[in-house]
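Residue numbers (our numbering): 167 to 459. Note that CB positions come from ideal geometry on N, CA and C, so glycine has one too. Each remark here refers to the structure printed beneath this line.
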């Protein structure tokens with residue numbers, strides 16, 4: 167056998183060895199989920215409209231007689247942005263988090279609640295119970311330009327933009343009447359509402375190129391405070407307004423959205439009950455193995 171042939175055979179054997187090693191590692195990773203590992207609980211920050219709606223819908227709070235106490239476990243990892251929640255979940259095999267249905271991507275695994283998949287049609291027909299409104303809020307003396315942008319959002323064209331990614335509140339709206347507006351609008355608040363607001367901004371500015379719309383992402387409470395303080399024109403809110411907030415701001419519901427529980431793609435769990443979600447987020451259930459006990 168010649169030297170060149172020996173080199174070829176050795177090279178082929180080396181390639182086979184590397185391929186076998188990689189396949190073995192892949193199989194090990196896929197089968198390495200340990201149900202006895204602790205659940206890494208991921209939550210949004212206080213002030214987030216998504217968190218406010220989440221703890222309300224899953225009864226992760228005490229309220230009554232002017233008291234409202236969020237019972238989210240102190241062990242939870244707190245994230246201020248939706249995309250950061252997804253990054254944490256996609257990189258941690260044992261993590262559990264929640265985000266807006268409209269923000270969902272294929273980098274994470276979505277879990278059913280009470281056996282119901284969080285699909286748009288299930289939110290619309292009410293079979294998926296974990297949903298909340300997307301709201302914009304302004305002061306009563308808002309500018310003509312801000313009112314025009316809101317007219318666009320609540321028009322057939324604006325709701326058509328919303329319906330491409332989220333759930334429009336109705337399909338019975340009038341056409342937007344163009345006024346060729348100009349000026350600047352500042353929209354601030356919820357990171358869950360921000361993606362659809364970006365699309366509405368783009369569509370509106372195509373019609374009205376003389377308008378500049380600035381979107382500032384924070385959370386629902388900060389967004390509303392910004393409008394109250396006069397630092398912004400429109401607040402993006404992903405929960406119902408409290409009585410004290412309604413006394414200062416006018417809310418307008420622009421869309422409906424589901425809240426979805428997300429896990430890592432290597433997690434074998436396919437769904438949870440509302441009670442299980444509540445127990446996980448209050449620290450009563452600590453490991454993935456406890457879910458099926």
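1) I need the boundaries of the alpha helix (DSSP H) containing residue 361, first residue and last residue.
2) Classify residue 302 as helix, strand or coil using the three-state DSSP reduction.
3) Which one of 371, 340 and 257 has the shortest CA to CA distance from residue 348?
4) Have a look at residue 191 and residue 276 and give me their C-alpha separation to the nearest angstrom.
5) Give every residue of the same chain whose Cβ lies closer than 6 angstroms to the Cβ of residue 237, excluding the five residues on either side of it in the sequence, and list them in chain order.
6) Closer than 8 angstroms is the cut-off here; do at least three beta carbon pairs connect the region 255–265 with the region 361–381?
7) Let me confirm a value: residue 314 is counted as buried when at least 16 other C-beta atoms fall within 10 Å, else exposed. Which label applies?
8) Report yes or no: do three or more beta-carbon pairs, one from the region 315–324 and one from the region 284–291, lie closer than 8 angstroms?
9) Note down, in chain order, each residue of its chain lying with its Cβ closer than 6 angstroms to the Cβ of residue 216, except the 5 sequence neighbours on either side.
10) Would DSSP call residue 217 helix, strand or coil?
11) Assuming residue 425 and residue 223 are in contact, meaning their beta carbons sit under 8 angstroms apart, how far apart are those beta carbons, in whole angstroms?
Checking against the coordinates, here is how it stands:
1) Mapped onto the chain shown, residue 361 falls at position 195. Looking at the DSSP string, the run of the alpha helix (DSSP H) that includes residue 361 is 360–373.
2) To locate residue 302, count along the chain shown from 1; it is residue 136. If DSSP states are grouped into helix, strand and coil, residue 302 belongs with the strands.
3) In the chain shown, the residue the question calls residue 348 occupies position 182. Relative to the Cα of residue 348, the nearest Cα in the group 371, 340 and 257 belongs to 371.
4) Along the chain shown, one-based indexing puts residue 191 at 25. Along the chain shown, one-based indexing puts residue 276 at 110. Because the pLDDT at residue 191 is just 38, under 50, the model does not fix this residue reliably, and the value given afterwards should be weighed accordingly. The straight-line gap from Cα to Cα measures roughly 25 angstroms.
5) Here the question's residue 237 lines up with position 71 in the chain shown. The answer, listed in chain order, is 226, 227 and 448.
6) no
7) Counted from its first residue, the chain shown places residue 314 at position 148. Buried: at least 16 other Cβ atoms inside 10 Å.
8) no
9) Mapped onto the chain shown, residue 216 falls at position 50. Correct list, in chain order: 210, 358 and 404.
10) Here residue 217 refers to the residue found at position 51 of the chain shown. Correct three-state label for residue 217: helix.
11) Translated into positions along the chain shown, residue 425 becomes position 259. Translated into positions along the chain shown, residue 223 becomes position 57. Rounded, the Cβ-Cβ distance is 7 angstroms, consistent with contact.
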